[in-house]
Amino acid sequence: MAPARDLWLEGTVVAVAADRGHHFSKPPQDHIVLVEGHGVEGDAHAGAFVRHRYLARRQPRLSNLRQVHLIPSELFASLLEAGFEVAAGDLGENITTAGLDLERMPFGTIIELGPAAIIELTGLRTPCVLIDRFQAGLKR
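Numbered according to this note's numbering, the sequence shown spans residues 12 to 151.
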């Protein structure tokens with residue numbers, strides 16, 4: 012068996028967003044503060060336990076694996092080709108990246124965001140019906 016190796020990719024954070032309320036979109040911010048084991052300071056999805064309203068009603072003590080939402084900006088270009096105009100924060104993400112193929116990275120991937128912030132990919136965000144309420148047909 013080949014030894015494990017570190018793979019270094021370089022990407023860019025192109026936008027950050029946060030919202031204290033549970034709204035579908037998050038307004039862009041000049042900066043956000045990541046808090047270990049909590050998520051984005053002041054964001055509705057931050058906390059040790061699940062904040063997604065549907066899951067929180069059913070399993071309020073479930074660990075929060077969605078503390079920080081990331082989306083690659085390249086997704087916006089492909090959505091534009093399909094006729095949808097989507098900007099940073101529109102889909103509820105906290106961090107919009109460029110140059111990282113987030114969907115192909117395995118769970119457990121560690122991403123360094125600047126000199127002090129480190130996050131771990133814990134899963135993919137499952138599209139829900141709210142996406143079609145934002146723009147009809149977008150979930151497809």
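For each residue, glycine too, the CB sits at the ideal point set by N, CA and C. What you are looking at is a predicted structure, and each value in this text was computed from that prediction instead of being measured.
Looking only at its chain, what residues have a beta carbon closer than 8 Å to the beta carbon of residue i, apart from the 5 residues adjacent to it on each side?
i, result
"D54", "A29, D30, R31, K37, I43 and N105"
Give the DSSP-derived three-state secondary structure of residue i in the structure shown.
i, result
"F145", "helix"
"T35", "As written in the sequence, residue 35 is Phe, which differs from the Thr given in the question. Of the three classes helix, strand and coil, the one that applies to F35 here is coil, per DSSP."
"L124", "strand"
"S74", "strand"
Compare the beta carbon distance of residue i and residue j with 8 Å and say whether it is the shorter of the two.
i, j, result
"I142", "I129", "no"
"F60", "R72", "yes"
"V25", "S84", "yes"
"L149", "F95", "yes"
"L132", "F118", "yes"
"H49", "Q78", "yes"
Assuming residue i and residue j make a contact with CB atoms under 8 Å, what is their CB distance in whole Å?
i, j, result
"T107", "G22", "Not a contact, Cβ separation roughly 11 Å."
"H80", "H63", "H80 to H63, Cβ: 11 Å. No contact."
Note down, in chain order, each residue of its chain lying with its Cβ closer than 7 Å to the Cβ of residue i, except the 5 sequence neighbours on either side.
i, result
"G100", "A26, A28, S36, K37, P38 and P39"
"L76", "T133 and G134"
"I82", "L102, E104 and T107"
Between the C-alpha atoms of residue i and residue j, what's the straight-line distance to the nearest angstrom?
i, j, result
"Q70", "C139", "18 Å"
"E47", "L111", "22 Å"
"F145", "A67", "22 Å"
"L20", "E123", "10 Å"
"A147", "E114", "23 Å"
"A93", "P126", "37 Å"
Kindly list the residues whose CB is nearer than 6 Å to the CB of residue i, restricted to its own chain and excluding five residues on each side of it in sequence; keep chain order.
i, result
"M116", "L132"
"E52", "V44 and V46"
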